[in-house]
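K.L.:
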Amino acid sequence: MTKKKWMPVMIYFIVWLISYGVFFIISPGDAMAYGLLFIWGVLPIAALITSAWISMNGQWSKAALAILGVVYGAMYMLLPYMTYSMANYWSKIAAMRDGLPTPDFELFLWGILFFVVGFFGGKAITKLQKR
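Under our numbering, read the sequence shown as residues 917 to 1047, first letter to last.
What follows is the structure in structure tokens.
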């Protein structure tokens, strides 16, 4: 496996880590802007671009692509869970009877959708470039 093959995946992971870290340095009043900017802006765009790059690369097996789609979906679902849900949970830790919040499965499907759309967009670009 070449390093170039893993570059788009690593870029998406770095964007995800930066998005996660930014949540903890913003002021609490900026939480809505964070959600709009990172959860519905930066991360979907990064998923679309990197998955298009992956499809244009053409070095991945079908099984690896399926796994990558699940990984992208899981990472997209975990960002709001690890930021909003956990911050809310820890802010009312005294009320332990509520239990841990659960991740929103719908966001998992959105993450997979962003990956798939970007992937097939990259395939279309590759076909157009070959003409």
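Positions of the beta carbon are idealized from the N, C-alpha and C atoms, including for glycine.
Roughly how many angstroms lie between the CA atoms of Trp1026 and Gly989, to the nearest whole one?
P.N.:
7 Å
K.L.:
Any chance you could list the alpha helix (DSSP H) runs of at least 4 consecutive residues sitting entirely within the segment 1013-1046, in chain order?
P.N.:
1021-1046
K.L.:
Going by other Cβ atoms of all chains shown within 10 Å of its Cβ, with 16 needed for buried, is Phe940 buried or exposed?
P.N.:
exposed
K.L.:
Going by C-alpha distance, which of Ile955, Leu959, Tyr950, Ala968 is nearest Thr1042?
P.N.:
Ala968
K.L.:
Classify Trp976 as helix, strand or coil using the three-state DSSP reduction.
P.N.:
In the structure shown, Trp976 falls within a coil segment according to DSSP collapsed to helix, strand and coil.
K.L.:
Can you look up Ser943 in the DSSP assignment and give me helix, strand or coil?
P.N.:
coil
K.L.:
To the nearest angstrom, how far is the alpha carbon of Leu953 from that of Gly1037?
P.N.:
23 Å
K.L.:
Can you name, in chain order, every residue of its own chain whose Cβ lies under 6 Å from the Cβ of Tyr997, other than the five neighbours on each side?
P.N.:
Pro1019
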